[in-house]
Amino acid sequence: MGTQSVLCSVCQGVLPATGRESYTALRGRLIVTNGYCAGGCAERLAEAERAREMARPMAPQAQGPAPVAPARMAPVRI
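Each residue of the sequence shown is one higher than the last, beginning at 67 in my numbering.
The following block contains the structure:
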């Protein structure tokens with residue numbers, strides 16, 4: 067049994083076992099070091115990604131330089 071099959075791919079916590087025979091010494095050590103996966107990790111990850119997408123500023127559309135109004139000059143007195 068590899069550790070990848072018992073660990074959550076998002077939080078690296080130990081996934082619940084399917085039966086008594088699944089609780090091995092390796093799984094016990096992983097539970098002590100990593101803790102259990104609380105569940106819902108994929109949903110929380112997707113929600114965080116959506117929040118990042120919404121918070122990301124929109125890139126300005128590429129346009130030419132902004133037009134500049136001509137400077138008004140005061141009349142010159144001689």
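Ideal placement from N, C-alpha and C gives every residue a C-beta, glycine not left out.
Item: My guess is that L81 and L92 are in contact by the Cβ rule of under 8 Å, so how many angstroms apart are they, rounded?; Value: Actually they do not touch by this definition, with Cβ atoms about 13 Å apart.
Item: Among residues of its own chain, excluding the 5 on either side of C107, which ones have a beta-carbon nearer than 7 Å to its beta-carbon?; Value: C74, V76, C77
Item: For L147, count the other beta carbons within 10 Å of its own beta carbon; 16 or more makes it buried, fewer makes it exposed. Which is it?; Value: Within the shown structure, residues of the chain are numbered from 67 to 144, placing residue 147 beyond reach of any answer.
Item: Assuming G85 and C103 make a contact with CB atoms under 8 Å, what is their CB distance in whole Å?; Value: Rounded, the Cβ-Cβ distance is 17 Å, inconsistent with contact.
Item: In angstroms, rounded to a whole number, what distance separates the CA positions of R118 and R110?; Value: 12 Å
Item: Helix, strand or coil for L73, going by three-state DSSP, please let me know.; Value: strand
Item: When DSSP labels each residue in this structure, what does V98 get in the three-state scheme?; Value: helix
Item: Starting from R118, trace the alpha helix (DSSP H) both ways and give me its first and last residue.; Value: 107-121
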